[in-house]
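Just so you know, the protein sequences line up as chains A and B, in that order.
So in our numbering, the last one in the first sequence is 1328, and the numbering has no gaps at all.
So in our numbering, the last one in the second sequence is 119, and the numbering has no gaps at all.
Heads up, the thing below is written out as C-alpha cells.
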Amino acid sequence: TQLLEQSPQFLSIQEGENLTVYCNSSSVFSSLQWYRQEPGEGPVLLVTVVTGGEVKKLKRLTFQFGDARKDSSLHITAAQPGDTGLYLCAGQLYSGAGSYQLTFGKGTKLSVIP
Amino acid sequence: NAGVTQTPKFQVLKTGQSMTLQCAQDMNHEYMSWYRQDPGMGLRLIHYSVGAGITDQGEVPNGYNVSRSTTEDFPLRLLSAAPSQTSVYFCASSYSVALLGTEAFFGQGTRLTVV
Chain A
1215 TQLLEQSPQF
1225 LSIQEGENLT
1235 VYCNSSSVFS
1245 SLQWYRQEPG
1255 EGPVLLVTVV
1265 TGGEVKKLKR
1275 LTFQFGDARK
1285 DSSLHITAAQ
1295 PGDTGLYLCA
1305 GQLYSGAGSY
1315 QLTFGKGTKL
1325 SVIP
Chain B
5 NAGVTQTPKF
15 QVLKTGQSMT
25 LQCAQDMNHE
35 YMSWYRQDPG
45 MGLRLIHYSV
55 GAGITDQGEV
65 PNGYNVSRST
75 TEDFPLRLLS
85 AAPSQTSVYF
95 CASSYSVALL
105 GTEAFFGQGT
115 RLTVV
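Laid out in C-alpha cells, this is it:
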C-alpha cells in the first residue's frame, strides 16, 4: 500500500504553461517535503512545509500543505525546460522513540518542451 | 564538502555473485539510509541506521545486509545477487531523525544490473 499518492505520474507540457502536481494521503504527516531529481542524480530538497495550510514560494514554484496535513501540492508558473525532472513528495511520520521516518511518493515525471 | 559519496556508479553482476555498495558522508550526520528506485515504484527504503552500531530494516530488506561501524560509512551488501535486485540504489544521510523537517542528502546513485 502506497502511503503517498502522487498525480499525475507523467506530465508533458509546453514552455510557458502552468501546472500543478498533487501529493495525497490518508495519513497525517508531521512535515511534507518536495524533492527534484534530474537524470543520473540523486533527489535534491526543494522545500519543507510543516504547518497545516502553509504556503511557501520558491521563485516560480509554489508549495502548499493541506490544512489537515494529509496532502500537498506543487504549482509551477510559466514552466521552463530547466524545470524538467522527477518531482518527489516525501512525508515525515513520527515513528516513536523520538524519531521520524521519511516515506516517498512514486514521483511525477515532468517534461517541459521548448 | 563532498556530501554523500557512493561507489561504484555502475555495476554488472552475475546471478549469485555478492558485492558491496559503498556509501560515505562527511557531514557528521547521525542518520543514514539505503533506498532502491525502480520505474513506477518510487524510492523504497531497504535499511537504515540512526547511529554507529545501530541498524534496522526498512520496507524491502530481503537479500541485503548493512553495518555501521563508523558515523561516516554505511555499506550495503548484496549476499547473492538476483535479477530482481536490478535497480538504482541511493544512499542518503540526514543530520538527525529526531528533528522535524530534517533534510535528506542523497548520493548520485549506483546503477546495478544483475544478469
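Even glycine gets a Cβ: it sits at the ideal position worked out from N, Cα and C.
### Message
Less than 8 Å between C-beta atoms, sequence neighbours within five positions excluded: which residues of the same chain meet that for residue 1272(A)?
### Response
1260, 1261
### Task
Give the C-beta separation of residue 116(B) and residue 90(B) to the nearest angstrom, bearing in mind that I take them to be a contact with Cβ-Cβ under 8 Å.
6 Å
### Query
Which residues in the same chain as residue 1311(A) place their Cβ atom closer than 8 Å to its Cβ, once the five residues preceding and following it in sequence are excluded?
Nothing meets the Cβ criterion.
### Task
Compile a chain-ordered list of the residues in the stretch 78-109 of chain B whose CB is closer than 7 Å to at least one CB of chain A.
94, 101, 102, 104, 105, 107, 108
### Query
Using a C-beta to C-beta distance shorter than 9 Å, which residues of chain B count as neighbours of residue 1320(A)?
44, 45, 46, 47
### Integer-rounded CB distance, given that residue 16(B) should sit under 8 Å from residue 40(B)
Contact doesn't hold; Cβ gap of about 16 Å is too wide.
### Message
Within a Cβ cutoff of 7 Å, which residues of the same chain sit near residue 1282(A), ignoring the five residues on either side of it in sequence?
### Response
1242, 1266
### Task
Tell me, to the nearest whole angstrom, how far the beta carbon of residue 86(B) is from that of residue 118(B); I am working on the premise that it is less than 8 Å.
6 Å
### Message
Excluding the 5 residues flanking residue 1230(A) on each side, which residues of the same chain have their C-beta closer than 6 Å to its C-beta?
### Response
1292
### Beta-carbon gap between residue 72(B) and residue 36(B) smaller than 8 Å
yes
#### Entry: Reference residue 62(B), options 109(B), 47(B), 25(B), 110(B), closest by Cα
47(B)
#### Entry: Close Cβ partners of residue 84(B) (< 7 Å) along its chain, the five nearest in sequence each way excluded
20, 22
### Task
Using a Cβ cut-off of 7 Å, pull out every chain B residue sitting near residue 1255(A), in sequence order please.
112
### Query
Which residues mark the beginning and the end of the beta strand (DSSP E) in which residue 1317(A) is found?
1313-1318
### Task
Kindly say whether residue 16(B), judged by its beta-carbon, lies nearer than 8 Å to any beta-carbon of chain A.
Look at residue 16(B): its C-beta is not under 8 Å from any C-beta on chain A.
### Task
Flag residue 1262(A) as yes if its beta-carbon sits less than 8 Å from any beta-carbon of chain B, otherwise no.
When Cβ-Cβ separations below 8 Å define contact, residue 1262(A) makes contact with chain B.
### Query
Per DSSP, which one or two residues make a beta bridge with residue 16(B)?
Note: residue 16(B) sits in a beta bridge opposite 117(B).
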